[in-house]
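S.K.: In this text, residue positions in the sequence shown follow this note's numbering: the first is 6, and each later residue adds one. Before anything else, here's the structure in question.
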Amino acid sequence: MNTMHVSIGLRIGTMVLDHFIMTFITVIFAIPFVAELSMNLLANKENSTPTIGFEIGIGMYIACLGYALYFCKDAINGRSPAKRILKLQVVNAGNGEVATPIRCLVRNLTCIIWPIEVIVALIRPERRLGDLIAGTRIENFDPDKHVTKVSIPQVLISIIISYALVVVGMHLYAQLYNSLLGL
């Protein structure tokens with residue numbers, strides 16, 4: 006087990022860098038949705054209250070893939086883009102092995118409450134809220150110790166689960182939004 010602790014600065018820096026990188030990727034996937042939404046709003050100028058729903062089209066589903074990838078950012082060997090740059094890795098807190106793609110998905114679902122994650126990371130830099138829930142932790146990457154073969158089926162399953170959760174979440178959000186508007 007790698008006993009070197011990750012500093013608060015490195016932990017927060019990793020979170021911020023990951024957030025910027027993954028948000029950029031997510032925005033790329035959201036471009037078709039924004040374009041579709043804009044065209045629909047321009048075509049329906051007489052309707053001053055826009056609704057959100059799946060009638061918008063394929064752009065919504067493409068945007069959902071961007072969000073799903075955000076939640077699966079660590080799925081390949083427990084290393085997100087920022088963790089690769091900063092030489093860190095997500096591991097199973099119990100045995101120190103590379104965290105599975107599903108564990109990485111579970112730990113990243115709490116990114117929805119990102120400000121709370123930052124506060125928890127400031128208090129406990131070795132394990133943020135998502136780590137506590139998923140049974141993971143961050144440690145320095147050791148290429149001699151953590152060279153593992155990527156399980157493509159596990160990565161794909163985590164992306165499919167993440168995508169399904171995002172689509173359901175977007176659908177529920179759209180229903181809530183429209184019901185609050187009285188539509």
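Positions of the beta carbon are idealized from the N, C-alpha and C atoms, including for glycine.
#1: Within 10 angstroms of the Cβ of Thr8, are there 16 or more other Cβ atoms? Answer buried if so, exposed if not.
#2: Taking Cβ positions only, does Thr115 come closer than 9 Å to chain D?
#3: Any idea which residues DSSP pairs Thr141 with across the strands?
#4: Which word fits Asn100, buried or exposed, when buried means at least 16 other C-beta atoms lie within 10 angstroms of its C-beta?
#5: Taking C-beta to C-beta, are Ala87 and Cys109 nearer than 9 Å?
#6: Would Asp147 and Ser85 be called neighbours here (beta carbons separated by less than 9 Å)?
#7: Need the endpoints of the alpha helix (DSSP H) that Glu122 sits in, please.
#8: Who are Val103's beta bridge partners in DSSP?
#9: Which same chain residues, not among the five before or five after Ala35, have their C-beta less than 7 Å away from its C-beta?
#10: Along the chain, where does the alpha helix (DSSP H) containing Ile81 start, and where does it finish?
M.R.: Answer, in terms of the structure:
#1: In this prediction, Thr8 scores a pLDDT of 48, lower than 50, which makes its location untrustworthy; the coordinate-derived value is nonetheless stated afterwards. For Thr8, the number of other beta carbons within 10 angstroms of its own is below 16, and it is reported as exposed.
#2: The chain labelled as chain D is not found in the depicted structure, where only one protein chain is given.
#3: DSSP lists Asn97 as partners of Thr141.
#4: Burial call: exposed.
#5: Going by beta carbons, Ala87 and Cys109 fall outside the 9 Å limit.
#6: At least 9 Å separates the beta-carbon of Asp147 from that of Ser85.
#7: Per DSSP, the unbroken alpha helix (DSSP H) holding Glu122 starts and ends at Trp119 to Ile128.
#8: Answer is Val96, bridged to Val103.
#9: Counting only Cβ-Cβ distances below 7 Å, and skipping sequence neighbours, we find Ala68 and Gly71.
#10: Counting along the chain, Ile81 falls outside any alpha helix (DSSP H), and DSSP gives it neither H nor E.
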